[in-house]
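In our numbering, the protein residues as written are 193 to 276.
The C-beta atom is built at its ideal place from N, Cα and C for all residues, glycine as well.
None of these values were measured; they are calculated from a predicted model.
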């Protein structure tokens with residue numbers, strides 16, 4: 193999860209007007225769990241990666257989101273957006 197540490201997600205979220213990073217993270221993760229697709233742009237996905245990593249580290253990931261599988265899929269999708 194070193195990729196999650198490349199940004200200060202809390203600072204970046206504040207600069208983008210996102211007041212509650214964890215609420216934003218869980219909203220995007222729920223949409224993904226429902227649809228099976230990460231539909232946000234790369235910057236939002238990076239924030240979500242940071243948020244999921246922090247949530248895992250502090251509270252453990254909610255099993256409803258698939259934990260590590262969800263984070264692995266997020267990293268693959270995020271990488272694909274940068275490689276194109």
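In three-state terms, what does DSSP make of residue i?
| i | result |
| --- | --- |
| residue 133 | A question about residue 133 goes unanswered here, because the residues of the chain that appear run from 193 up to 276. |
| residue 219 | helix |
| residue 203 | helix |
| residue 211 | coil |
| residue 243 | helix |
| residue 272 | helix |
Count the other CB atoms within 10 Å of the CB of residue i; is the residue buried (16 or more) or exposed (fewer)?
| i | result |
| --- | --- |
| residue 213 | buried |
| residue 272 | exposed |
| residue 221 | buried |
Between residue i and residue j, is the Cβ-Cβ spacing less than 7 Å?
| i | j | result |
| --- | --- | --- |
| residue 217 | residue 252 | no |
| residue 205 | residue 237 | no |
| residue 235 | residue 266 | no |
| residue 264 | residue 230 | no |
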